[in-house]
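Residue numbers (our numbering): 4 to 331. From the three backbone atoms N, C-alpha and C, an ideal C-beta is built for every residue, glycine too. Keep in mind that this is a model prediction, so the values were computed, not measured. Worksheet: one structure, shown below.
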Amino acid sequence: MRTNDAIHLGLMLLAFAAAYLVPFELLLLAYVVLGPAHYFTEISWLHDRSYFLPHRGIAVALAVVAAGATLIDDASWFGFAMWAALVVCAMLAAATSAAEGTLIFMAAIALSAIMVSSGSSLAVLGILIPTLIHVSLFTLVFMTLGAWRSRSRTQVALVVVYLIAIAVILLAPPTAEIRIASFAQAARDYFGNVGPALSRLFGIPGVRLDTRLTSLLAFVYTYHYLNWFIKADVIRWADISRARLALVIAASAGSTALYFYDYAFGFTFLLALSLVHILLEFPLDSLALRQLGAAAWSGLHGSGAAAAPVKTRSSAARTKASQRTGRS
């Protein structure tokens, strides 16, 4: 096992153990402390790769949409904003032709009609996209794609361990007591709507932010952040100038300090910052989903070669950057 893979496994098990022992406290600390550092470093990394978009100006529009979405009180409209941004990014980053872009748009219209007719689906989607879908599902996509590309049994094992950890938390939830009541309340303020959203999605009444769900969120959030940081030698997010690195560190520390200085304002700022980084990552997520689909198709048809990076309609420079991407 390579040193990096051993560190990867160790951090995953550490996040799993901490999620069992102090789920409420870990969830908040991960979101408030590790979160800003992840957001600023990833935005910096995406900026150097033109956000995997044809034009950086589109990224500015996405950031404006994300900031504006924090002011939307209606859950369905918020969900529509998240869903529309994801569809647009898929059309721009993952479609290789105008015909494919049109197909994506038509499929999105059909799915949108289904969600609108069902009443609360858009609201549920708006809650789950920035939370579980972003930190867990897309993390799993990148891990699986990395394991496929590298043909590494160790990385396949890491994917399996990740899924087992989630299953253990769901099937044998921890019984940890709340040690810091204010942290538990803050965690409910941030993530209290995830339980009802899952309840409506799966038709299971009474799902709430209990120890089971909090432990799950604490694990996937903590690992999501750690998984990004330990990939510095793979995707080179730390290869930036000292001036920018200092700015990133200062902005990250300032964001965390702002939360503890003024809870209400810090809450709003972190939410906006989180949404900005999520929407700016949508093009990369869309590209990764396409590449994973191509890998699965290749595997079903018996092709032994690893999936080749999918070319997009963006600039040649960004295409070369996309060929170097991958978090695992």
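In the DSSP assignment, find the alpha helix (DSSP H) that holds residue i and state where it starts and stops.
| i | result |
| --- | --- |
| Ser123 | No alpha helix (DSSP H) contains Ser123, which DSSP labels as neither H nor E. |
| Ile61 | 59 to 72 |
| Val35 | Element bounds for Val35: n/a, residue is neither H nor E. |
| Val237 | 235 to 238 |
| Asp242 | Counting along the chain, Asp242 falls outside any alpha helix (DSSP H), and DSSP gives it neither H nor E. |
| Phe270 | 266 to 303 |
| Arg215 | 214 to 232 |
| Asp76 | That residue, Asp76, is in no alpha helix (DSSP H); it is neither H nor E in DSSP. |
| Ala21 | 6 to 24 |
| Arg156 | 156 to 174 |
| Thr147 | 141 to 153 |
Return the residue from the list the options that minimises the CA-CA distance to residue i.
| i | options | result |
| --- | --- | --- |
| Asp77 | Ala87, Ser100, Leu125 | Leu125 |
| Ile132 | Ser79, Val171, Val159, Arg59 | Ser79 |
| Leu276 | Val127, Glu28, Val35 | Val35 |
| Phe222 | His11, Asn7, Met15 | Met15 |
| Thr225 | Leu106, Ala150, Thr134, Met109 | Thr134 |
| Pro286 | Gly122, Trp86, Phe270, Ala33 | Trp86 |
| Tyr2 | Val25, Glu28, Ala93 | Here the chain has residues from 4 to 331 only, and residue 2 is not among them. |
| Asn230 | Thr178, Thr73, Phe108, Val138 | Val138 |
| Phe43 | Leu303, Ala249, Phe19 | Ala249 |
| Leu220 | Asn7, Ser100, Ala33 | Ala33 |
| His50 | Arg152, Ala241, Ser121, Met109 | Ala241 |
| Gly129 | Tyr264, Val237, Thr73 | Thr73 |
| Leu37 | Val119, Thr259, Ser47 | Thr259 |
| Phe141 | Tyr165, Arg154, Val197 | Tyr165 |
| Arg247 | Val171, Asp265, Trp48, Asp213 | Trp48 |
| Ile252 | Asn7, Thr214, Val25, His41 | His41 |
| Ala299 | His58, Arg152, Thr105, Ser121 | Arg152 |
| Phe270 | Phe194, Val127, Arg156, Leu114 | Phe194 |
| Ile238 | Arg52, Leu274, Leu56 | Arg52 |
By Cβ distance, which residues of its chain are closer than 7 Å to residue i, with the 5 residues on each side in sequence left out?
| i | result |
| --- | --- |
| Val68 | Ala84, Ala88, Leu282 |
| His11 | Leu161, Ile233 |
| Ala101 | none |
Give every residue of the same chain whose Cβ lies closer than 6 Å to the Cβ of residue i, excluding the five residues on either side of it in the sequence, and list them in chain order.
| i | result |
| --- | --- |
| Ile75 | Phe81 |
| Gly307 | Residue confidence is low: Gly307 scores 49 on pLDDT, short of 50, so the model does not pin down where it sits. No coordinate-derived value is stated. |
| Ala21 | Leu29 |
| Tyr23 | Pro177 |
| His227 | Val138, Thr142 |
Apart from the five residues on each side of it in sequence, which residues of its chain come closer than 8 Å, Cβ to Cβ, to residue i?
| i | result |
| --- | --- |
| Ile117 | Ser124 |
| Ala9 | none |
| Ile107 | Val90, Ala93, Met94, Ala97, Ala98 |
| Ala150 | Gln158, Val159, Leu161, Val162, Ser331 |
| Ile61 | Tyr54, Leu95 |
| Val197 | Ile130, Leu131, Thr134, Leu135, Leu212, Leu216, Leu220 |
Write down the C-beta distance between residue i and residue j rounded to the nearest angstrom, noting that I regard them as a contact closer than 8 Å.
| i | j | result |
| --- | --- | --- |
| Val90 | Ala66 | The pair is not a contact, with the Cβ atoms about 17 Å apart (cut-off 8 Å). |
| Ser244 | Pro39 | With 8 Å as the limit, Ser244 and Pro39 do not qualify as a contact, their Cβ atoms being about 20 Å apart. |
| Leu30 | Thr217 | 6 Å |
| Leu148 | Leu295 | 5 Å |
| Phe272 | Leu261 | 6 Å |
| Val279 | Ala70 | 6 Å |
| Ala168 | Phe27 | At roughly 18 Å, the Cβ-Cβ gap does not stay under 8 Å, so Ala168 and Phe27 are not in contact. |
| Glu284 | Glu45 | 7 Å |
| Asp236 | Asn7 | 7 Å |
Is any beta-carbon of chain B found at less than 8 Å from that of residue i?
| i | result |
| --- | --- |
| Leu148 | Any reference to chain B falls outside this structure, which holds one protein chain only. |
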